[in-house]
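Below: one structure, written as C-alpha cells.
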Amino acid sequence: AGQLERPFDRTPGSPARAWPCPEDLARITDRLCAARRPVLIGGHGIWWSGAERGLENAGRRLGIPVFNIPYHQKLLGEESESYMGLADIHQYPPSKFAIGESDVALVVGGRLDNQMNFGNPPLFPESTRLICVNGSAEELELNRAADETLLCDPGVFLDALCELEGSDAWNLGREWIEENRTRRRQWVQEMETDLVQSDDGKTGIHPLQLALATQNPLGSDDWLVIDGGNTHFWSEIAINMAGAKGQQLKGILHPGAFSMLGVGVSFALAAKLRHPDSQVLLISG
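First residue of the sequence shown: 1, per the UniProt record's numbering; consecutive thereafter.
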C-alpha cells in the first residue's frame, strides 16, 4: 500500500514568495514617485522575508525616513542612516511630525492594529495616502482600512523601490529626510536636558537614566534584553538616544507585540547560549 503514491519530500525548500501583479506594483510606485513627504513603516513581515537590508537600502537611496512599528521585530540598527525610530508619538515624539506631515505612508509587512491606531487619525491624517504591502492575502484582509493595498513579498517590493533610484521618475530631494534627522537630533538634546537634576541627594533616579546607564557599556557584539512594561517603554527611548549618537548593538530582544512580560530571563539565557562570546545584558522591572 502506498507504493504508487508520490514520495513526500521532507527536505527544507525555499519559502513561497508572493509576486506582485505588475500593474498593481506600477500603480504603487507611481504614487510614491509623486510623493514629496513619504514615510516607510516596517513590521514583522520584513523580518520574515529576510528583507532588512532592502529596507535600509530603500530608505537610504531614496531619502525616505524609516520607522519601526512599536513592539515588532527590530529591523534596523538605531544607528542606521535612514532609520528614525518607532512609529510611536510617545516613545519617539518626532514621529508625530513625520507621519502627520506625510503625503504617502507605506506600511510594509505590518498590520493596522492598535499600535497603528487601526490606520485612523490622528496618527494617520486623512490627507495622507495610506498604502499597505503584505506578503499574504490573510494579512491584507487585516489592512482593509488602507487606501490601497498590494499583495507582494516585502523583499520583492523593497527591491523594486531600490530600482527607482536613478530613474527619471524619481526626483525626491534630500530635504525631507534631512528635516527628520534634524528633529531627531533636537529631540535627543531635549531629552538629555530634561535629565539634568540637582545634586542635592534628594532626587531619585529617573528610569531613563537607568536605561541609558545600563546600555552604555554595550558594544556592537553585545545583546540587550528588555523585560517589563514601564522598563520597556523607557529602554526603547534610551536605545534611540544612544543609537542617534552611534552606539551599535548586535541585537535587541523584548516582550513583543503581545507584551509577554516575564520572558527576560529565558530570552537572555537563549541569547547567551546562541552567542557565548557576546555580553548579554537583561534589564527587567
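Glycine included, each C-beta is placed from N, C-alpha and C at the ideal position.
- In the three-state DSSP reduction, proline 207 falls in the helix class (H, G or I).
- Minimum Cα-Cα distance from glutamate 79 among the listed residues His90, Phe67 and Tyr71 corresponds to Phe67.
- The beta carbons of serine 82 and proline 94 sit no closer together than 8 Å.
- Spatial neighbours of aspartate 159 in its own chain (CB-CB distance under 6 Å, excluding positions within 5 residues in sequence) are listed in chain order as Gly54.
- A Cβ-Cβ separation of about 5 Å places alanine 271 in contact with tryptophan 223 under the 8 Å criterion.
- When the beta-carbon positions are compared, alanine 58 and leucine 161 come within less than 8 Å of each other.
- Three or more beta-carbon pairs separated by less than 8 Å link the stretch 97–110 to the stretch 126–145, which places the two stretches in contact.
- Using a Cβ distance threshold of 8 Å, isoleucine 226 and isoleucine 177 do not count as a contacting pair.
- Straight-line measurement puts the Cα of glycine 256 at about 13 Å from the Cα of leucine 86.
- Taking the Cβ atoms as the reference, alanine 242 lies roughly 7 Å from leucine 212, within the contact range of under 8 Å.
- Under DSSP, tryptophan 223 forms a beta bridge with Gly251 and Val280.
- In the assembly as shown, serine 49 is a buried residue. Its beta-carbon has 16 or more other beta-carbons within 10 Å.
- Between the alpha carbons of valine 156 and aspartate 24 lies a gap of roughly 13 Å.
- Per DSSP, the beta-bridge partners of isoleucine 41 are Phe67 and Val107.
- Counting every other CB atom within 10 Å of its CB across the protein chains shown gives histidine 254 a total of 16 or more, marking it as buried.
- Looking at the DSSP output, valine 133 sits in a beta bridge with Val108 and Leu150.
- Two segments are said to touch when three or more pairs of C-beta atoms, one from each, lie closer than 8 Å; by this definition the stretch 34–48 touches the stretch 108–116.
- The beta carbons of alanine 238 and leucine 208 sit closer together than 8 Å.
- A direct Cα-Cα distance of roughly 32 Å separates glutamine 115 from asparagine 171.
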